[in-house]
Ligand code: GLN
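Residue numbers (my numbering): 539 to 846.
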């Protein structure tokens, strides 16, 4: 178990080691509000299922969770639609960029998986159809998982993305043409950009993912979020689809199910033990945090903790 190791020492070692990699990636620049961020930042937090928290770096600094929100929305959509969801979205890695359109035409508007943009637009659509106020439902779901009422949308990031939404608009309208989107695409995009804009720090994120390390129950509240079967399925999807077209390399190096976002965050889970959130804004070519990936690789190497 992780408690036998000196986790704080290991995190400090990781933080020291990653310094040499600054300057090798680029912050997301297709969302102007994210392009303004100081690239030379790093934070990492480990949360254990028995309630311990270890951090290094700027773990109180809020950042845009971006596609990490796709895990929250998928979890909610799985509870709302049950197995019907899988008639509208697939479970296979895409091998393509997160915002790619190419597979949608041959696959009749059914996205490859819920963690690429097209797939998350479908899960977001399910939430809008089910709840009268999708914004509040999603935000409250995340606040409850993190046990932090102060978590908010970053309206500037959401607006900035809306102003540059050509690609995501194309995905939404194209899927609607196949009958796979029920909502008005403009409303859908607004809800989608809002959940991508949620601002959290690595402590909030590590806590929010603990239910996936704990068979579907949030250990902080004892509340069941999803069945253990669904928790297994979300973790499996993260392992095979959580890092876009970089998922094989990430699994090879890190060995944990994880989800990334273009804000520079990545959250990974070791079922039965812990969740670990990392943040550093410079991205690799697939849009995953370059230093975040390195930090997770070092962490699983140093601790010898992975699912394998
Ligand atoms: N909001 C971003 C987008 O739709 C999310 C992408 C990501 O984090 N990979 O482009």
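Even glycine gets a Cβ: it sits at the ideal position worked out from N, Cα and C.
heavy atom of ligand 1 below 7 Å from residue i C-beta
i, result
"residue 628", "no"
"residue 694", "no"
"residue 772", "no"
"residue 800", "yes"
"residue 827", "no"
"residue 712", "no"
"residue 788", "no"
"residue 605", "yes"
"residue 655", "yes"
"residue 820", "no"
"residue 739", "no"
"residue 734", "yes"
"residue 706", "yes"
"residue 636", "yes"
"residue 699", "yes"
Neighbourhood of residue i by C-beta distance below 6 Å, restricted to the same chain and skipping five residues each side
i, result
"residue 752", "587"
"residue 853", "Within the shown structure, residues of the chain are numbered from 539 to 846, placing residue 853 beyond reach of any answer."
"residue 782", "636, 824"
"residue 795", "773, 776, 777, 807"
"residue 757", "587, 748"
"residue 826", "781, 784, 798"
"residue 699", "569, 731"
"residue 705", "637"
"residue 697", "none"
"residue 791", "835"
Whole-number beta carbon distance between residue j and residue i, since they are thought to touch under 8 Å
i, j, result
"residue 658", "residue 618", "Contact doesn't hold; Cβ gap of about 14 Å is too wide."
"residue 805", "residue 569", "Not a contact, Cβ separation roughly 20 Å."
"residue 857", "residue 820", "Given that the chain is displayed from residue 539 to residue 846, the structure contains no residue 857 and the question cannot be resolved."
"residue 695", "residue 602", "5 Å"
"residue 691", "residue 736", "6 Å"
"residue 642", "residue 713", "7 Å"
"residue 834", "residue 585", "With a Cβ gap of about 14 Å, residue 834 and residue 585 do not count as contacting."
"residue 768", "residue 539", "No, residue 768 and residue 539 are not in contact; Cβ-Cβ is about 25 Å, not under 8 Å."
"residue 662", "residue 611", "6 Å"
"residue 680", "residue 666", "Contact flag wrong, Cβ pair sits at about 16 Å."
"residue 746", "residue 683", "4 Å"
"residue 739", "residue 597", "6 Å"
"residue 651", "residue 734", "No, residue 651 and residue 734 are not in contact; Cβ-Cβ is about 17 Å, not under 8 Å."
"residue 543", "residue 841", "6 Å"
"residue 613", "residue 763", "7 Å"
"residue 604", "residue 800", "5 Å"
Residues near residue i by beta carbon distance below 7 Å, same chain, minus five either side
i, result
"residue 648", "626, 627, 628, 718"
"residue 669", "675"
"residue 686", "742"
"residue 711", "723"
"residue 564", "820, 821"
"residue 766", "753, 754"
"residue 546", "592"
"residue 789", "777"
"residue 634", "640, 641, 783"
"residue 656", "642, 649, 709, 713"
Where the beta strand (DSSP E) through residue i begins and ends
i, result
"residue 582", "581-586"
"residue 606", "It is not in any beta strand (DSSP E) - residue 606 carries neither H nor E in the DSSP assignment."
"residue 575", "Note, residue 575: premise wrong, no beta strand (DSSP E); not H, not E."
"residue 592", "591-595"
N- and C-terminal bounds of the alpha helix (DSSP H) containing residue i
i, result
"residue 548", "545-556"
"residue 746", "740-746"
"residue 623", "623-626"
Neighbour flag for residue i against chain C, beta carbons, 8 Å
i, result
"residue 740", "No chain C appears in the structure shown, which is made up of a single protein chain."
Cut-off 8 Å between Cβ atoms - residues of its own chain near residue i, not counting five sequence neighbours on either side
i, result
"residue 549", "582, 584, 592, 593, 594, 837"
"residue 703", "727, 731"
"residue 846", "793"
**Message:** If we require 4 or more residues per run, which alpha helix (DSSP H) segments fall completely within the stretch 644-727?
**Reply:** 655-668, 672-684, 693-700, 704-715
**Request:** Could I get the ranges of all uninterrupted beta strand (DSSP E) runs contained in the stretch 779-831, with 3 residues as the minimum, in chain order?
**Result:** 796-798, 803-808, 812-817
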